[in-house]
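According to the working numbering, the sequence shown holds residues 1 to 611 in order.
Each remark here refers to the structure printed beneath this line.
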Amino acid sequence: MAAEREPLEPLKPPREDTPAEDLRPYALSPREGLPVSDQSMAAHPRKQADMVRWLHPAQLLRTGLDAVVAAVFGARADQRLIEAVVRPQVPYFDYSQEPMPEGGFWLDYVSDTGDGWNSTYAVARLLALPELTLSVQGQPHADSHATQRGRLLVHGGDGVYPGASREVYDERLVQPYEAAMRRSHAPSPDLFVIPGNHDWYDGLGAFLRLFCANRWIAGRRTRQSRSYFALKLPQRWWLIGTDVQLNSDIDVPQVEYFREVASHMGPDDRIILCNAEPAWILAATERRKGSYLENNLEYLQEKVFGRRINVFLAGDLHHYRRHEDAGGRQKITAGGGGAFLHPTHAPSAHVLRDGYTLQKSFPDERTSRKLARQNLLLIRHSPLFGLMTGMLYLLLALAAYAEVGSFGISQLSDVILAVANSMVARPWTLVLGMATIGGLIGLADSAFGKWRTLAGTLHGLGHIAAAFFVAWGATYFTVSGLGVCPELAADGIHCEAGWWHLAGKFLLSSGFTFLGGFLVGPFVMGLYLWLSVNRFGAHSNEAFISLALPDWKNFLRMRIGEDGRLTVFPVGIERVPRKWKETHAGPYAPAFDPNDPKATAPVLIEPPIRV
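In structure tokens, the structure reads:
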């Protein structure tokens, strides 16, 4: 029988009289759950992670496997059902009895963090500052707005990328947040987190270990014991955090938990609902019409909370978009905590099904379309993606190999005839070509609708045509340019050189074909993505994961006033710093300040929204 594991002790906050030189951050040790102290870990992270390169061949393979494993095991082993049995949780966490601070009760919302260091730390640093004075974007001479660090930090999901593990959380989330604030003065902020689909990639194991074990993380205390929660806020406001488990549904124990929460609400209470995905945008584009997610949110709104929800918050789409209805209710997508940028012009959702209309986007749609053009230089953003297209072009060339090294551009018809004859003699060439087209049809975005097959076919034919010209050019350069085993035009494939010359010609032409595919293939893919997202509103995710843009970050700072009104301050950073300087300021302040003249100052994306 295995030895029984000792229960974990909750981490205690530092005493206020602790000397500054003895203050060190709490972090996760290699031994599960045990606190360790290591000042250099926070001030000098072991590795300042770059943005995830999603089109790197190895990353594509890992992401695909993670998604498949998570989907299979998530459907058969729902961690939330286990939580409901073994992780008791109070019906709600009560902040309504705390004395109302001067200026109101403040709370912060951030989502989609833990990608590159620069973007994640830039947001974490602003969240850590006790005060932040901001002007409205485009109105530098207007009155500025003073904001305060939140008593609560609510994380809206997808804490790390590309997938969840203890090491990835430490490197891409804990370290930048510890560097931004290792300690906080009392009352220390509390941290509440809901999981996104990337948090679920390991079955929620690392998430529960980090956020549901009463730990101290970056000067903030975690209090929840499940992946969903309810917070009772001052002035009859509530904040509800849901867990939809890989875009699936809200499980029965979670619904019963929220029914219990609703029984403590008055008829005039108001709710901020935090969800891991903006179901309203996905529903508006008819991508998930009648889905579990959409139906569950409607069920919570209509049957459980009785239409008390005034503000809907979500991440998952890594930008800022706000929709408002005639009654002043808000649906805000704010997934700008550090992950790569998503476009704001696709999927298009100017008017939602329930009448909410688009009020503001960050970046605006014109800028978003302009950024999408960078796909034409895809190799610059994802250089190793060319390894896959280079190999594909080489396989296509070898499958339809013909002696065309002595044919110039004026003999295009002869080249086409020679390649066609070669394909007839090798039937598996057609199989490879059809597999290429079929695979790209399968990868085509469902947003194309009935044109999906055509879009995938044209994309596949584009790569096949590019492979044809690349292989022809490589063979012509080897034979006619370098003079390696030149054929006699009259004899077709006659060559009197030795076998080593033939081998040399084969290796050189193959190498040049691979190099051509490495360079040309990403351009063909980038052209397809650019046209897809800008002309048809398709591949909005793929067209921007390819770019891994760290800029245009955002988070929300909210205040509940003594009059009971909620004010939302959307904070944005157009260009995050790429360089930093150490501050030596101690554990209560950020360890690094921006040292990049090209970086832009934080601003309010739009004037404060009063609910």
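Each residue gets a CB set at the ideal place from its N, CA and C atoms; glycine is no exception.
Straight-line measurement puts the Cα of Asp364 at about 18 Å from the Cα of Leu547.
DSSP places Ile441 in the helix class (H, G or I) of the three-state scheme. Two segments are said to touch when three or more pairs of C-beta atoms, one from each, lie closer than 8 Å; by this definition the segment 544 to 559 touches the segment 115 to 124. Contact between the segment 146 to 162 and the segment 92 to 110 is present: three or more C-beta pairs spanning the two stretches fall below 8 Å. In the three-state reduction of the DSSP assignment, Gln359 falls in the strand class, which pools E and B. Of the candidates Gln301, Gly337 and Ala346, the residue whose Cα lies closest to the Cα of Arg329 is Gln301.
Distance from Trp106 to Arg151 at the Cβ level is roughly 6 Å; contact confirmed, criterion being Cβ atoms closer than 8 Å. In the DSSP assignment, Leu412 falls within the unbroken alpha helix (DSSP H) covering Leu412 to Ala425. Non-local beta-carbon contacts of Gly537 in its own chain, meaning distances under 7 Å to residues more than five positions away in sequence, involve Ala346, Pro347, Ser348 and Ala447 in chain order.
Selection Gln89, Gly338 and Thr453 evaluated against Tyr161 yields Gly338 as nearest (Cα-Cα). Below 8 Å, too few C-beta pairs join the segment 590 to 598 and the segment 134 to 142 to call them touching: fewer than three. Closest option to Ser361, judged by alpha-carbon separation, among Met181, Gly335, Arg353 and Arg380: Gly335. When beta bridges are read from the DSSP output, Ala334 appears opposite Tyr320. The beta carbon of Pro607 is closer than 7 Å to those of Val136 in its chain, skipping five residues each way along the sequence. The segment 469 to 483 makes no contact with the segment 307 to 315; the number of CB pairs closer than 8 Å stays below 3. Straight across, the Cα-Cα distance linking Glu131 with Arg366 is about 32 Å. For Gly241, the enclosing beta strand (DSSP E) has its first and last residue at Trp237 to Gly241. The segment 216 to 223 makes no contact with the segment 249 to 263, as fewer than three CB pairs between them are under 8 Å. In the assembly as shown, Leu239 is a buried residue. Its beta-carbon has 16 or more other beta-carbons within 10 Å. A straight line joining the alpha-carbon of Met423 with that of Thr429 spans about 6 Å.
Taking a C-beta distance under 7 Å as the contact criterion, Gln89 and Ser188 do not qualify as a contact pair. If you check the CB distance, Met558 and Val568 come in under 7 Å.
Between Gly306 and Cys274, the C-beta spacing is not below 7 Å.
DSSP places Met558 in no alpha helix (DSSP H) but in the uninterrupted beta strand (DSSP E) bounded by Lys553 to Ile560.
Given a length threshold of 4 residues, each whole run of the alpha helix (DSSP H) inside the segment 146 to 194 is given here in chain order: 166 to 169 and 175 to 180.
Shortest Cα-Cα distance from Leu191 to any of Ala164, Ala230 and Ser144 involves Ala230. At a Cβ-Cβ threshold of 7 Å, Gly103 and Arg172 do not count as neighbours. Look at the beta carbons and you see the segment 523 to 532 touching the segment 449 to 465: at least three pairs across the two are nearer than 8 Å. Just so you know, the alpha carbons of Ala400 and Leu417 end up roughly 11 Å apart.
Separation of the CB atoms of Pro234 and Met388 is rounded to 54 Å, and the pair is thereby denied contact status at 8 Å. No Cβ-Cβ contact shorter than 7 Å links Thr344 with Arg369. In this structure, DSSP gives Tyr109 an extended state, which the three-state scheme calls strand. Taking C-beta separations shorter than 6 Å and ignoring five residues to either side along the sequence, the partners of Ile332 in its chain run Leu313 and Arg322, following chain order.
Apart from the 5 residues on each side of it in sequence, Leu352 sits with its Cβ closer than 6 Å to the Cβ of Trp280, Ala284 and His323 in its chain, given in chain order. Rounded to the nearest angstrom, the Cβ distance from Asn541 to Ala372 is 12 Å, too far for a contact under 8 Å.
For Pro253, no beta strand (DSSP E) run applies; the uninterrupted alpha helix (DSSP H) run containing it begins and ends at Val252 to Ala262, by DSSP.
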